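Novice:
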Amino acid sequence: MAGVSTVVLGIESSCDETGAGLVRDGRLLGHAVASSMAEHARYGGVVPEIAARAHVHAVAPVVTEALDRAGLGLAEVGAVAVTAGPGLSGALQVGLAAAKGYAFALGVPLYGVHHLAGHVAVDTLAHGPLPDPCVVLIVSGGHTSLLLVRDLARDRIVHLGDTRDDAAGECFDKTARILGLPYPGGPAIDRTARAGDPAAVRLPRPLSGPGEDPYGFSFSGLKTAAARLLERPEPPATADLAAGLQEAVADVLTRKAVRACLDHGVGTLVVVGGVAANSRVRELAEQRCAAAGLTLRVPPRELCTDNGAMIAAVGDLLHRAGAPAAPFDLAIDPSAPLEYAALGRPAARR
Ligand code: KG4
Ligand code: ZN
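Just so we're aligned, residue 869 is where the sequence shown starts under my numbering, counting upward by one.
(1) Starting from the N-terminal side, write out each stretch of the beta strand (DSSP E) that is 3 residues or longer and does not extend beyond the segment 981-1042.
(2) For residue 1085, write down the residues that DSSP places opposite it in a beta bridge.
(3) Could you tell me the alpha carbon to alpha carbon distance between residue 1189 and residue 1082, rounded to whole angstroms?
(4) Would you give the residue range spanned by the alpha helix (DSSP H) that residue 903 belongs to?
(5) So, is residue 1008 buried or exposed, given that buried needs 16 or more other C-beta atoms within 10 angstroms?
(6) Quick check: is any heavy atom of ligand 2 less than 7 Å from the C-beta of residue 887?
(7) Compute the distance between the beta-carbons of residue 1107 and residue 1043, then report whether it is under 8 Å.
(8) Cβ of residue 987 versus every heavy atom of ligand 2: is any distance shorter than 7 Å?
(9) From the DSSP output, read off the bridge partner residues of residue 1170.
(10) CB residue 953 to CB residue 1184, shorter than 8 Å?
(11) Can you tell me whether residue 941 is buried or exposed? The criterion is at least 16 other CB atoms within 10 Å of its CB, across all chains shown.
(12) Within 10 angstroms of the Cβ of residue 1174, are there 16 or more other Cβ atoms? Answer buried if so, exposed if not.
(13) Starting from residue 962, trace the alpha helix (DSSP H) in both directions and tell me its first and last residue.
(14) Between the alpha carbons of residue 1018 and residue 1103, how many angstroms are there, rounded?
(15) In the DSSP assignment, the alpha helix (DSSP H) including residue 1156 goes from what residue to what residue?
(16) Mind checking whether residue 1204 and residue 878 have CB atoms under 8 Å apart?
(17) Based on Cα-Cα distance, which residue from 975, 900, 897 and 971 lies nearest to residue 948?
(18) If distances are taken between C-alpha atoms only, which option among 1195, 1029 and 1191 comes closest to residue 1022?
(19) On the criterion of 16 or more Cβ atoms from any shown chain inside 10 Å, does residue 1068 qualify as buried, or is it exposed?
(20) Any contact between the segment 1125-1139 and the segment 1160-1169? By contact I mean 3 or more CB pairs, one from each, below 8 Å.
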């Protein structure tokens, strides 16, 4: 019954992680993730067809593992939520087909979820309901946005700023490749930067000058600047370059996020997405929020990168808000813009 809490099964398959999670009433009961990352490493990036095939193999075992960890049986699932976009189309199709199968067989409602709303909602599993309003900085492999979020289950999400070119994670991934570091580049840069001196290499701070878009981001120039430095007769050490890049990205992200909070009179900043796992981003966000008198919320590292718990978290919010279930002809939307947490809402159909 809508509006009443139930066990929500969430399924995520938008990129190279197959995730399943179980959430009830804002509480994570169990989750499991399988990754095809190792299969993509030798290509230096995610190969869509390989990712889709890996999801086919992983989805049912991952759901079973999540249920086992939660100590639940499939019959106890009262709703199914699934990432309907954005993401790789073949990968999304697999998760959606599986979710429809579970929901149809169990006779329970299906919710289509926007992947990025999942990144936001996952923080509620660790820190409780989000304050209304809050400013959210989403930093993932494909997206970088500053958002004003009210009620995630009901209200339209306001974009204060987005990236004009590469996402923060993409900047880490591409620069890591130039530096000869392994895929995925973000964690590799994080590790390598520990041995480096961030002050040894000064990289630009894009869109940070007076009069420039205060909440917009641009990261493609950083990758190019790093490449130019490497072409010098005496290039900087890899660790210094990694540290300098990480510092530039963390500096721009946190400065703009704090400014957005102060400009909008919002007291809470929430930093989410794969890049929120970055140690320098977390550290600088803590320092700057403390200095500005803001409350900072960042999900635990393991929930920052893609997983099924985050999709279940959105499904749980939607279900408790009495949101209408998605129709069974719900389709994937590989480039879905982030407007509402739910995708394929009946009201949005013609
Ligand atoms: O949210 P996510 O798992 O997938 C997308 O929705 O894109 O984010 C993946 C991105 C990748 O670009 C990866 O390099 C980056 O998050 N990432 C990190 C770290 N862990 C993951 N970037 C910097 N430092 C990390 N520790
Ligand atoms: Zn993601």
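From the three backbone atoms N, C-alpha and C, an ideal C-beta is built for every residue, glycine too.
Only a predicted model underlies this, so the values are computations on that prediction, with no experimental measurement involved.
Specialist: Walking through what the data contain:
(1) 1002-1007, 1012-1017 and 1026-1030
(2) 1031
(3) One alpha carbon belongs to residue 1189, the other to residue 1082, and they sit about 34 Å apart.
(4) Note, residue 903: premise wrong, no alpha helix (DSSP H); beta strand (DSSP E) at 895-903.
(5) With 16 or more other Cβ atoms within 10 Å, it is buried.
(6) Outside the cutoff, so no.
(7) no
(8) yes
(9) Note: residue 1170 sits in no beta bridge, so no partner.
(10) no
(11) exposed
(12) buried
(13) 957-974
(14) 47 Å
(15) 1147-1160
(16) No, these two residues do not count as a Cβ contact at 8 Å.
(17) 971
(18) 1191
(19) Exposed, because fewer than 16 other Cβ atoms sit within 10 Å of the Cβ of residue 1068.
(20) yes
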